[in-house]
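Trainee:
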Amino acid sequence: MLKTEGLGYWYQDKSEPLFQDINLTFEVGQSYAILGHSGTGKTTFLSLIAGLDKPKAGDILLDDRSLKKIGLTTYRRHDVSIVFQAYNLFTYMSPLNNLLTAMAITDAEHAGDKHFALRTLNDLGINEDLATRNVQHLSGGQQQRVAIARTMACDAQLVVADEPTGNLDEDNTKEVIAQFQKIAHDRQKCVIIVTHEPDVAAQCDHQYRLENKQFTQLA
Amino acid sequence: MNFFKRAWLNVWAKKGRSVLLILVSSAILMFVLAGLLIRSAAVKATDQAKADVGATVTLSANRQAAFKKMQSSSSSTSKSSRPKMTLTPVKLSDATKISKLSNVKSTNVTSSTTVNAKSYDVVSTSTGMGSSNGGPGGMKSSASTGDTQIDGVTATSLTTAFSNSQSKITKGRGITAADKNTHNVVIENDLASQNDLTVGDTITVKEIAGDKAKVKLKVVGIYKASSTSTSASPMSADPANTMYTSYTLANTFKGSKYANTADSVTFNISNPAKVSSVKKAGKQLINTSKYALSTDDASYQTVKASMANVKSFANKIVWLVAIAGTIILALIVILMIRERRFEIGVLLSLGEARWKIMAQFFTEMLMVIVVAVAIAGAGGKFVGDQLGSQLVSQSTTTQTTATSSTGQPGGSGQPGGNGTRGGAGGPGSTTSTTSAKAADTDLDINVSAVDLAELGGFGLAITFLSIMIASGGILRLEPKKVLIS
Ligand SMILES: Nc1ncnc2c1ncn2[C@@H]1O[C@H](COP(=O)(O)OP(=O)(O)O)[C@@H](O)[C@H]1O
Ligand SMILES: [Mg+2]
């Protein structure tokens, strides 16, 4: 569903691109891990796929339509859902209102459905008591689960995550990755996770490594 | 309208910050309201001053024209014969025509002369520094002057001395229009007590002009003249020797050719703003080479000027505070947007439109402003009262100084919310009001629905502008830079 065509990006110097001429395809119902050392450009790549920045070279196509045509704001609203290392929830709201707000902004099918939001949170181990507290009173693992619930409550086909387990302990990491697998397989979405941890990458269906300005698929 | 819900959640969750914002906005709006209140009170006071403060138009002989005529005749005739300035007495038929013009409220005919005391003794001033009571400037038609001043009027209540309380009736009554063609007289208290006269008594005077006949007068009232006479002139008699009669009697004393004439006729104008238009219309009705129309609306002008000062100051307050308030709120919003750039980044990553994010901030500020308007509405009256009385006392002082420096007898206009009483202006002027209360300097400060609506408008504009000024922060914000470090 998502394709990169000759994708390239650099910050200051065109002769020193982070990556160049990247041609990759991502499908629904699959999870992808992008591995690489720190500073190789994983996050930059993800920001392009998430529609937070424009490519310097090449193009990104969603179902054969260029993101430029779709418009980045519309793309972010309807087609992609992002999970960050720092969770990035609305700190002045409860988990429930975080979900309801995201659902309203993205015109989700269940927008305004409080019970659906509570059920989604409950599936991820956030009970109603936790769901109605201020989100800052939750632990890191719980907050990241709220962030994942937020992507589930919205209808976007594409879920991208940048180091989603970076702030979590071992148990929470396992739980979160298992949830991403569920999103890909049960909900038939396309999940792309950026990580520098091989253990985390190993749990995904496909692994790519960003090295020397190129992506190479690992066996 | 999800941004509305977000705004509410934010305002509610961050109560401390919201309360602080409400306090700042209340303070700003309180000063805006104070300015608005003072301005509307000044407008009201000016309107009231129009109704309360007197202004007059006076018809009298044209002195300037007469003087010119005298000069030209002196150059043509031989130097031995002294030229004489002849002033034509005002014809009452002209006055009647003018009195029928619109905005003329009342008419006072004045005709003055002197007679000699017969049945009583005049009051003599030991210092010789007595002065005339500053009454209507009369033309002394005779070369010889009697010891008793006769001020013929339509009604004593219409004269300057009585209308601004320099003189007061203490026994009996004053001269009214009904005393026309009678021998009724109002005498001064000192003269009455010196001669053991009281209301109902009859006195006799002797004419100076014509057949020098003895005339009997009936005392119908006794008045007390204020002792504070200003223009000291050794030649004039003690003010106690002034009697008020109907102008018809004064004319009789002057002689038969003075029937149906007057020294001057003063018209009280109901709307001081219309003084010049009355003068203009009046000029069409008279022979301007012989007669002149002069105006006196000094009291009104004083009040008007001082209220205009207050008004322009209030306007300045409103705009200065509004502009300063907008800048202050804009700075606060700019800081707020910086502090909340993560939240804005998340909203943008979810695909929220930037204008809706601005709408959320605007709504948050609006919620704050609504509460602030209510608080300012309650507190604005207090600030307005304080500021208003301060302003009025200042501008009144300034105006009083300005007035007295022009050497005008009589107090200056005293602007005040429920008073705006104006004291007398120059000689010959008449004011319709009765008292000048120096203490009553408050503006009538009241918070009306209109004021609150206007305040709400200012609040809205300040909020809108400050969000607009700060919106650059939202429009330029790049979610990638904020969210991905
Ligand atoms: N806004 C930026 N301006 C200039 N250089 C940047 C910027 N963001 C990242 N970089 C540089 O680009 C490289 C890739 O960064 P990033 O995509 O964050 O790598 P990764 O996520 O793999 O650690 C790094 O060397 C980083 O210093
Ligand atoms: Mg990174």
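First to last, the protein sequences are chains A and B.
Using the numbering used here, the first residue of the first sequence is number 1, and each one after it goes up by one.
Using the numbering used here, the first residue of the second sequence is number 220, and each one after it goes up by one.
All C-beta atoms in this analysis are idealised placements derived from N, C-alpha and C, irrespective of residue type, glycine included.
Predicted model only: the values in this text are computed from it and were never measured.
1) When burial is assigned at 16 or more other CB atoms within 10 Å of the CB, is Tyr32(A) buried or exposed?
2) Consult DSSP for Val188(B) and reduce its assignment to one of helix, strand or coil.
3) Please indicate yes or no: does the CB of Ser38(A) lie closer than 8 Å to some heavy atom of ligand 2?
4) Quick check on DSSP: helix, strand or coil for Lys114(A)?
5) What is the DSSP secondary structure of Met220(B), counted as helix, strand or coil?
6) For Asp313(B), which residues of its own chain have a beta-carbon under 6 Å away from its beta-carbon, when the five flanking residues on both sides are left out?
7) Would DSSP call Asn403(B) helix, strand or coil?
8) Using a C-beta to C-beta distance shorter than 8 Å, which residues of chain A count as neighbours of Lys699(B)?
9) Please go through the same chain and pick out, in chain order, the residues whose beta-carbon is closer than 6 Å to the beta-carbon of Gln203(A), but skip the five residues on each side of it.
10) Between the alpha carbons of Val537(B) and Ile553(B), how many angstroms are there, rounded?
11) In three-state DSSP terms, what is Val328(B)?
12) Could you name the residues of chain A that Arg225(B) contacts, counting a contact when the two beta carbons are closer than 7 Å?
13) Would you check if the distance between the CB atom of Ile394(B) and the CB atom of Thr480(B) is smaller than 9 Å?
14) Can you give me the C-alpha to C-alpha distance between Ser244(B) and Thr25(A), rounded to a whole angstrom?
15) Quick one: Cα of Ile406(B) to Cα of Ser331(B), how far?
16) Using the beta-carbon count (16 or more within 10 Å), is Gln385(B) buried or exposed?
17) Is any heavy atom of ligand 1 found at a distance shorter than 8 Å from the C-beta of Phe215(A)?
18) Could you have a look at Met462(B) and say whether DSSP puts it in helix, strand or coil?
19) I need the DSSP call for Lys390(B), collapsed to helix, strand or coil.
20) With DSSP as the reference, identify every bridge partner of Ala33(A), one or two as the case may be.
21) Residues of chain B with CB closer than 7 Å to the CB of Tyr225(A), please, in chain order.
22) My output table needs one value for Gln222(A): the three-state DSSP class, helix, strand or coil.
23) Report the start-end ranges of each alpha helix (DSSP H) in the segment 452 to 526 of chain B that is 4 residues or longer and not cut off at the edges.
24) Ile105(A) touches chain B at which residues, Cβ-Cβ below 8 Å?
25) What residues match up with Glu5(A) in a beta bridge as DSSP calls it?
26) Which bits of chain A does Leu703(B) rub up against, with CB to CB less than 7 Å?
27) What does DSSP give as the partner residue(s) for Gly440(B) in the beta ladder?
28) Per the DSSP calculation, Arg236(B) is bridged to which residue(s)?
29) Inspect the CB distances between the segment 48 to 64 of chain A and the segment 126 to 141 of chain A and report whether three or more fall short of 8 Å.
30) Counting contacts by CB-CB distance shorter than 9 Å, is Ser690(B) in contact with chain A?
31) Name, going along the chain, the residues of the segment 69 to 82 of chain A whose beta-carbon falls closer than 8 Å to a beta-carbon of chain B.
32) Count the other C-beta atoms from every protein chain shown that fall within 10 angstroms of the C-beta of Val540(B), then say buried if there are 16 or more, exposed otherwise.
33) Taking Phe84(A) as the query, report the chain B residues whose CB atoms sit under 9 Å from its CB, ordered along the chain.
34) Who are Lys69(A)'s beta bridge partners in DSSP?
35) In this structure, what does DSSP give as the bridge partners for Lys435(B)?
Mentor: Straight from the coordinates:
1) Here residue 32(A) is taken as the residue at index 32 of the first sequence, counted from 1. Result: buried.
2) Given a span of 220 to 704 for chain B in the structure shown, any question on residue 188(B) remains unanswerable.
3) For this step, residue 38(A) is matched to residue 38 along the first sequence. Yes, the Cβ of Ser38(A) comes within 8 Å of a heavy atom of ligand 2.
4) What you label residue 114(A) is simply residue 114 of the first sequence in a count that begins at 1. Lys114(A): helix per DSSP, three-state reduction.
5) Start at 1 with the first residue of the second sequence, and residue 220(B) comes out as number 1. In the three-state reduction of the DSSP assignment, Met220(B) falls in the coil class, being assigned neither a helical nor a strand state.
6) Taking the first residue of the second sequence as position 1, residue 313(B) is located at position 94. Exclusion of the five residues before and after Asp313(B) leaves Ile505 as the residues of its chain whose Cβ lies within less than 6 Å of its Cβ.
7) Walking along the second sequence from the start, residue 403(B) turns up at place 184. The DSSP-derived three-state label of Asn403(B) is strand.
8) Residue 699(B) sits at position 480 when you count from the first residue of the second sequence. Under the 8 Å cutoff, chain A gives Ser47, Leu52, Asp53.
9) Here the question's residue 203(A) lines up with position 203 in the first sequence. In the same chain as Gln203(A), and ignoring 5 residues on each side of it, the C-beta atoms closer than 6 Å to its own belong to Ile177, in chain order.
10) Working through the second sequence from its first residue, we reach residue 537(B) at position 318. Working through the second sequence from its first residue, we reach residue 553(B) at position 334. Answer to the nearest angstrom: the Cα atoms are 24 Å apart.
11) Taking the second sequence and counting its residues from 1, the one referred to as residue 328(B) is at position 109. The answer is strand: DSSP assigns Val328(B) an E or B state.
12) What you label residue 225(B) is simply residue 6 of the second sequence in a count that begins at 1. Under the 7 Å cutoff, chain A gives Thr101.
13) Position 175 of the second sequence, counted from the first residue, corresponds to residue 394(B). Position 261 of the second sequence, counted from the first residue, corresponds to residue 480(B). With contacts defined by Cβ atoms closer than 9 Å, Ile394(B) and Thr480(B) do not form a contacting pair.
14) The residue given as residue 244(B) occupies position 25 in the second sequence. The residue given as residue 25(A) occupies position 25 in the first sequence. Their Cα atoms are separated by approximately 55 Å.
15) Counting from 1 along the second sequence, the entry for residue 406(B) is found at position 187. Counting from 1 along the second sequence, the entry for residue 331(B) is found at position 112. So the two alpha carbons sit approximately 15 Å from each other.
16) Sequence index remark: in the second sequence, residue 385(B) carries index 166 (1-based). Under the 10 Å beta carbon count, Gln385(B) is surrounded by 16 or more other beta carbons and is classified as buried.
17) Reading the first sequence from its first residue, position 215 is the one you call residue 215(A). No - ligand 1 has no heavy atom lying nearer than 8 Å to the Cβ of Phe215(A).
18) Counting from one through the second sequence, the residue named residue 462(B) turns up at place 243. It is a strand residue.
19) Reading the second sequence from its first residue, position 171 is the one you call residue 390(B). In the structure shown, Lys390(B) sits in a strand (DSSP, three-state: E or B).
20) Stepping through the first sequence from its first residue, residue 33(A) is reached at position 33. BP columns for Ala33(A) point to Ile193(A), Gln207(A).
21) Nothing can be reported for residue 225(A), as the shown portion of chain A is limited to 1 through 219.
22) For chain A, the structure presents residues 1 to 219; residue 222(A) sits outside this window and is missing.
23) Taking 4 residues as the shortest admissible run, the segment 452 to 526 of chain B contains the following complete alpha helix (DSSP H) segments, listed from N- to C-terminal end: 466 to 473, 494 to 502.
24) Taking the first residue of the first sequence as position 1, residue 105(A) is located at position 105. Neighbours of Ile105(A) on chain B, chain order: Asn221, Leu566, Leu569, Gly570, Glu571.
25) Along the first sequence, read from residue 1 onward, the residue named residue 5(A) stands at position 5. Per DSSP, Asp59(A).
26) As a working mapping, residue 703(B) is identified with position 484 in the second sequence. Rather than Leu, the amino acid found at residue 703(B) in this sequence is Ile. Within chain A, the residues near Ile703(B) are Thr43, Ser47, Asp162.
27) Your numbering for residue 440(B) matches position 221 in the second sequence. Residue pairing by DSSP places Gly440(B) opposite Gly391(B), Val405(B) in a beta bridge.
28) Translated into positions along the second sequence, residue 236(B) becomes position 17. According to DSSP, residue pairing for Arg236(B) in a beta bridge does not occur.
29) Short answer: they don't touch.
30) By 1-based counting over the second sequence, the position of residue 690(B) is 471. Output row for Ser690(B): interface = no.
31) If the cut-off is 8 Å between Cβ atoms, the segment 69 to 82 of chain A has Thr73, Thr74, Tyr75, Arg76, Arg77, His78, Ile82 near chain B.
32) For the purposes of this step, residue 540(B) is taken as the residue at position 321 of the second sequence. Result: buried.
33) The residue given as residue 84(A) occupies position 84 in the first sequence. Correct list: Val565, Ser568, Leu702, Ile703.
34) Counted from its first residue, the first sequence places residue 69(A) at position 69. Looking at the DSSP output, Lys69(A) shares a beta bridge with no other residue.
35) Sequence index remark: in the second sequence, residue 435(B) carries index 216 (1-based). Paired residue(s): Thr423(B).
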